[in-house]
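A.B. asks: Below you will find the structure I want to go over with you.
Numbering (UniProt numbering), first residue to last: 1 to 47.
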């Protein structure tokens, strides 16, 4: 995870992510950081 003043970038160690996994990660990041959904980028690790 990388956080700057305006965005949070999250890289997950999986080849793909389901919609429910993305929603769960987004919810956790929003609660822990206070960032809005449009400021959070969640990406699978490309292997």
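Yeah, the Cβ is synthetic: ideal placement off N, Cα and C, and Gly gets one too.
All values reported here derive from a predicted model rather than from experimental measurement.
1. Rounded to the nearest angstrom, what separates residue 33 and residue 44 at their Cα positions?
2. Going by Cα to Cα distance, which pick from 36, 15, 25, 24 is closest to residue 5?
3. Could you pull the start and end residues of the alpha helix (DSSP H) that residue 19 belongs to?
4. For residue 22 and residue 3, I'd like the C-alpha separation in whole angstroms.
5. Going by C-alpha distance, which of 12, 26, 19, 40 is nearest residue 47?
C.D. replies: Let's see:
1. 20 Å
2. 36
3. 19-33
4. 17 Å
5. When 12, 26, 19, 40 are compared, the shortest CA-CA separation from residue 47 is found for 12.
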